[in-house]
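K.L.:
My questions all concern the structure below.
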Amino acid sequence: MMAIHWSRLRRRIFAFAAGTAILVGVGSGLQAQDPPVAAEATPAAEAPAPAAEPEAAPAPTLPAYFTGTNPDPAAPVWPDAGGGAAGYWITPSAGPVGDGDPKEMTPEKLYDRSVHNMFSINMVWVLIAGFLVMFMQAGFMLVEVGLCRAKNGAHTAAMNLMIYPLGCIAFWAYGFAIGWGNWFNGPVAPGWYSALGPGTSILNEGIGIGGDPAAPGIFTYGLMGTKGFFLQGMDDVSVLALFFFMMVFMDTTATIPTGAMAERWSWKNFCLYGLWVALPYCLFANWVWGGGWLAQAGKNWGLGHGVVDFAGSGVVHAMGGAIALAGAWIIGPRIGKYVDGKPVPMTAHHIPMVVAGTFILCFGWFGFNPGSTLSGTDLRISAVVVNTMLAGVAGCITTMLYMMVIGMKPDPTMMCNGMLAGLVAITAPCAFVDTWAAVVIGGIAGVLVVISVFFWEKRGIDDPCGAISVHGVNGTWGVISLGIFANGKYGMGWNGVVRTAFDATGDSDGVLTDGVRGALYGDVSQLWAQLLCVGVVWVFGFSMAFVWFKISNLIAPLRVSKQDELVGLDGPEMGAHAYPDFTIKNG
228 MMAIHWSRLR RRIFAFAAGT AILVGVGSGL QAQDPPVAAE ATPAAEAPAP
278 AAEPEAAPAP TLPAYFTGTN PDPAAPVWPD AGGGAAGYWI TPSAGPVGDG
328 DPKEMTPEKL YDRSVHNMFS INMVWVLIAG FLVMFMQAGF MLVEVGLCRA
378 KNGAHTAAMN LMIYPLGCIA FWAYGFAIGW GNWFNGPVAP GWYSALGPGT
428 SILNEGIGIG GDPAAPGIFT YGLMGTKGFF LQGMDDVSVL ALFFFMMVFM
478 DTTATIPTGA MAERWSWKNF CLYGLWVALP YCLFANWVWG GGWLAQAGKN
528 WGLGHGVVDF AGSGVVHAMG GAIALAGAWI IGPRIGKYVD GKPVPMTAHH
578 IPMVVAGTFI LCFGWFGFNP GSTLSGTDLR ISAVVVNTML AGVAGCITTM
628 LYMMVIGMKP DPTMMCNGML AGLVAITAPC AFVDTWAAVV IGGIAGVLVV
678 ISVFFWEKRG IDDPCGAISV HGVNGTWGVI SLGIFANGKY GMGWNGVVRT
728 AFDATGDSDG VLTDGVRGAL YGDVSQLWAQ LLCVGVVWVF GFSMAFVWFK
778 ISNLIAPLRV SKQDELVGLD GPEMGAHAYP DFTIKNG
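When we follow our numbering, the leftmost residue of the sequence shown carries the number 228, and every step to the right adds one.
This is the structure we're talking about:
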């Protein structure tokens, strides 16, 4: 998720400065020459004195927004509450306040304005993408409510509502600091810059193992961030944009267990969960997106470019699936789900609602995946959009075909889950694969989700919405698929990895060519990094959730009473019915 750009801005500034120095030197030399005089006779030609070594051009003085450093620590520029330190806002009006005559603009002034526009475009893009991701919450609500029984409609809808404010307040209080408090010190490509602006440089404190004592915050193995609790000291436009985008991502993870534990989860225990879920999510997010030890696996252990998860098949979806599996296992199946040990269908009460929610989620995914560039000026977003679309439709089609091949009807709810499974799977590799690979990845996901739903059901795991299969299983497949199908065309220098085997000249020629590539394109080690990610997310996520649900059950019961479950949770738990004018069948 950390936006990696390999701009030529630095080289252009150096070239400009060097060229200016040469011109000034030549002009000075011409002015220093004496006027021509008559030649004087000399007795004999003397040997010419050895030419003096030309002086190296002085290093250019780059604008502070190149690095986010404060020129005067006594008067820090960052955090920058208004964005005025990131280049210069174009002001088409008369001077001295406005820009004045455009013909009087120097290259430096023009560059300042171009940089400010770039940061502005990137920020608007990320905010709009975040709005789409936030709107996905409505899609999740419709899908989950529609897949559950009518007597639990208000309770299921309320969980999808309240997980947003509960998760948000936890992310503000501690989650962002843990996940992104040391974001700026993560491993990056040569020439990298922060696409959201230099203010993110204040995210520079954390805890880790190893590293140089002279370079605080930079670790060999990063473990967590420590800066930004309650957003204290974070009054910077760039940081706040990053905070918003990452918060709505976390909310997706937080929502996944509400589908797996629906129709029997007690309200009080759910509220405790909403305040806790930011902890496992943000710790793991730090390891992958916050510059932590999984991202560093390429530099430390030679595993490809380290763990790569572009938009969150592992960080968001597999983590949510692991938590959902632990919760569904501990809370147990719904009353009546199993008769004589065999699963009994408990049908969805509103299929059109499920379909509507699926379309909303598909729409939101066009913010979820391409927004993860963190840059509207990264033109790879078009490839991300197309790959996202193709994987989703491929998953829907293969789910339908597979169900018909095995002798079943094309259940609309399962086809919806097939489409979502394709979207989940492509979320990690969406920026790194060709379109044909996106179709293959999504198509496999559409089959996997059907197999997985029946697999868990036969083993006593009651998941009313198929959340474990859609998000957990296919999030896992998405992480692995990157290690197979990534084509090396994008992600040059990702996580600071530039290898001579794929880029003989490194960054010395100003062009990086070592992109993220999988086993089919010559880098099996990337697959090992992805498998490492899968193992860590499931062991860590499941273990954390298992312990949490056991402990929280001692504070507030995890499950509602048998009587309340049979009646339906709308009345006993919420005091309001989703369908007060309808006759609801209990049991």
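Where is the CB? At the ideal position from N, CA and C, for every residue including glycine. Remember, predicted model here, so these are calculated numbers, not experimental data.
What does a CB cutoff of less than 7 angstroms around GLY591 pick up in its chain, not counting 5 residues either side in sequence?
P.N.:
Working through the sequence shown from its first residue, we reach residue 591 at position 364. Once the five neighbours on either side are set aside, the close Cβ partners of GLY591 are LEU359, VAL360, PHE362, MET363 and GLY366.
K.L.:
Between the Cα of GLY693 and the Cα atoms of MET573, PHE593 and TRP765, which residue gives the shortest distance?
P.N.:
As a working note, residue 693 is residue 466 in the sequence shown. Comparing Cα-Cα distances from GLY693 to each of MET573, PHE593 and TRP765, the minimum goes to MET573.
K.L.:
Near PHE769, which residues of its chain fall below 8 angstroms by C-beta distance, leaving aside the five closest residues on each side in sequence?
P.N.:
Start at 1 with the first residue of the sequence shown, and residue 769 comes out as number 542. Once the five neighbours on either side are set aside, the close Cβ partners of PHE769 are ALA549, ILE550, LEU552 and ALA553.
K.L.:
Out of GLY501, ASP750, THR480 and VAL787, which one is the CA nearest neighbour of HIS698?
P.N.:
The residue you call residue 698 lines up with position 471 of the sequence shown. Measuring from the Cα of HIS698, the nearest candidate turns out to be THR480.
K.L.:
With DSSP as the reference, please indicate the residues paired to TYR565 in a beta bridge.
P.N.:
Along the sequence shown, one-based indexing puts residue 565 at 338. Looking at the DSSP assignment, TYR565 forms a beta bridge with PRO570.
K.L.:
Per DSSP, what kind of secondary structure is ILE434 in: helix, strand or coil?
P.N.:
As a first step, residue 434 must be located in the sequence shown, where it is residue number 207. ILE434 falls in the strand class under three-state DSSP.
K.L.:
On the DSSP letters alone, give me the boundaries of the beta strand (DSSP E) that LEU747 sits inside.
P.N.:
By one-based count along the sequence shown, residue 747 stands at place 520. No beta strand (DSSP E) contains LEU747, which DSSP labels as neither H nor E.
K.L.:
By DSSP's criteria, GLY548 is part of a beta bridge. Which residues make up the other side?
P.N.:
The residue labelled residue 548 in the question sits at position 321 within the sequence shown. Paired residue(s): none; GLY548 is not in a bridge.
K.L.:
Can you tell me whether DSSP reads ALA377 as helix, strand or coil?
P.N.:
As a working mapping, residue 377 is identified with position 150 in the sequence shown. Correct three-state label for ALA377: helix.
K.L.:
Per DSSP, which one or two residues make a beta bridge with GLY768?
P.N.:
Start at 1 with the first residue of the sequence shown, and residue 768 comes out as number 541. BP columns for GLY768 are empty, so no partner.
K.L.:
Any idea if PRO637 is buried or exposed, counting beta-carbon neighbours within 10 angstroms, 16 or more meaning buried?
P.N.:
Within the sequence shown, residue 637 is the residue found at index 410, counting from 1. Flag for PRO637 reads exposed.
K.L.:
Using CA coordinates, which residue listed in ASN527, GLY670, VAL700 and VAL342 is at the minimum distance from PHE681?
P.N.:
Along the sequence shown, one-based indexing puts residue 681 at 454. Here the closest residue by C-alpha is VAL700.
K.L.:
Can you check whether the CB of GLY745 is closer than 8 angstroms to the CB of ILE778?
P.N.:
Reading the sequence shown from its first residue, position 551 is the one you call residue 778. Reading the sequence shown from its first residue, position 518 is the one you call residue 745. Not a contact, by the Cβ cut-off of 8 angstroms.
K.L.:
Go to LEU450, then tell me how far its beta strand (DSSP E) extends in each direction, as first and last residue.
P.N.:
Walking along the sequence shown from the start, residue 450 turns up at place 223. Per DSSP, LEU450 belongs to the beta strand (DSSP E) from 448-452.
K.L.:
Might you give, ordered along the chain, the residues of its own chain that have their beta carbon closer than 7 angstroms to the beta carbon of ILE562, omitting 5 neighbours on each side?
P.N.:
Taking the first residue of the sequence shown as 1, we reach residue 562 at position 335. Same-chain partners within the cutoff: LYS789, GLU792 and LEU793.
K.L.:
Check whether the Cβ atoms of CYS395 and GLU490 lie closer than 8 angstroms to each other.
P.N.:
Residue numbering aside, residue 395 sits at position 168 when the sequence shown is read from its first letter. Residue numbering aside, residue 490 sits at position 263 when the sequence shown is read from its first letter. It is not a contact, given that the beta carbons lie outside the stated cut-off.
K.L.:
Anyone know if the C-beta pair for TYR629 and GLY568 falls short of 8 angstroms?
P.N.:
Locating residue 629 in the sequence shown gives position 402, counting from the first residue. Locating residue 568 in the sequence shown gives position 341, counting from the first residue. No, the Cβ-Cβ distance between TYR629 and GLY568 is not below 8 angstroms.
K.L.:
Could you check what DSSP says for ARG786 in three-state terms: helix, strand or coil?
P.N.:
Position 559 of the sequence shown, counted from the first residue, corresponds to residue 786. Correct three-state label for ARG786: strand.
K.L.:
Please state whether the Cβ-Cβ distance between GLY373 and ILE578 is less than 8 angstroms.
P.N.:
The residue given as residue 373 occupies position 146 in the sequence shown. The residue given as residue 578 occupies position 351 in the sequence shown. Taking 8 angstroms as the Cβ cut-off, GLY373 and ILE578 qualify as a contacting pair.
K.L.:
My parser needs the beta strand (DSSP E) runs of 3 or more residues fully inside the stretch 642-670; what are they?
P.N.:
Taking only runs of at least 3 residues, no beta strand (DSSP E) segment lies wholly in the stretch 642-670.
K.L.:
Just to confirm the assignment, what range does the alpha helix (DSSP H) spanning ILE587 have?
P.N.:
One-based indexing of the sequence shown puts residue 587 at position 360. 578-595 is the span of the alpha helix (DSSP H), which, as asked, contains ILE587.
K.L.:
What is the residue span of the alpha helix (DSSP H) that LEU469 lies within?
P.N.:
Within the sequence shown, numbered from 1, the residue matching residue 469 stands at position 242. Where LEU469 is concerned, the enclosing alpha helix (DSSP H) stretches over 464-487.
K.L.:
Is it right to say LYS330 is buried, meaning 16 or more other beta carbons lie within 10 angstroms of its own, or is it exposed?
P.N.:
What you label residue 330 is simply residue 103 of the sequence shown in a count that begins at 1. Looking at its Cβ environment, which holds fewer than 16 other Cβ atoms inside 10 Å, LYS330 is exposed.
K.L.:
Using a Cβ-Cβ cutoff of less than 7 angstroms, which residues in the same chain neighbour GLY444 once the five nearest sequence positions on both sides are dropped?
P.N.:
Within the sequence shown, residue 444 is the residue found at index 217, counting from 1. Closer than 7 angstroms at Cβ, skipping near neighbours: ASN409, ASN412, ASN431, GLU432 and GLY433.
K.L.:
Checking the sheet assignment: what are the DSSP bridge partners for ASN714?
P.N.:
Mapped onto the sequence shown, residue 714 falls at position 487. Its beta-bridge partners are ARG744.
K.L.:
Do three or more CB pairs link the stretch 459-471 to the stretch 526-542 at distances below 8 angstroms?
P.N.:
No, they do not touch.
K.L.:
Would the beta-carbon of PHE659 fall within 8 angstroms of that of ASN714?
P.N.:
If you number the sequence shown from 1, residue 659 lands on position 432. If you number the sequence shown from 1, residue 714 lands on position 487. Yes, the Cβ-Cβ distance between PHE659 and ASN714 is below 8 angstroms.
K.L.:
Roughly how many whole angstroms lie between the Cα atoms of TYR806 and GLY418?
P.N.:
Here residue 806 refers to the residue found at position 579 of the sequence shown. Here residue 418 refers to the residue found at position 191 of the sequence shown. Straight-line Cα distance between these residues: approximately 58 angstroms.
K.L.:
Report buried or exposed for ILE707, applying the criterion of at least 16 other Cβ atoms within 10 angstroms of its Cβ.
P.N.:
Position 480 of the sequence shown holds residue 707. With 16 or more Cβ atoms within 10 Å of its Cβ, ILE707 is classed as buried.
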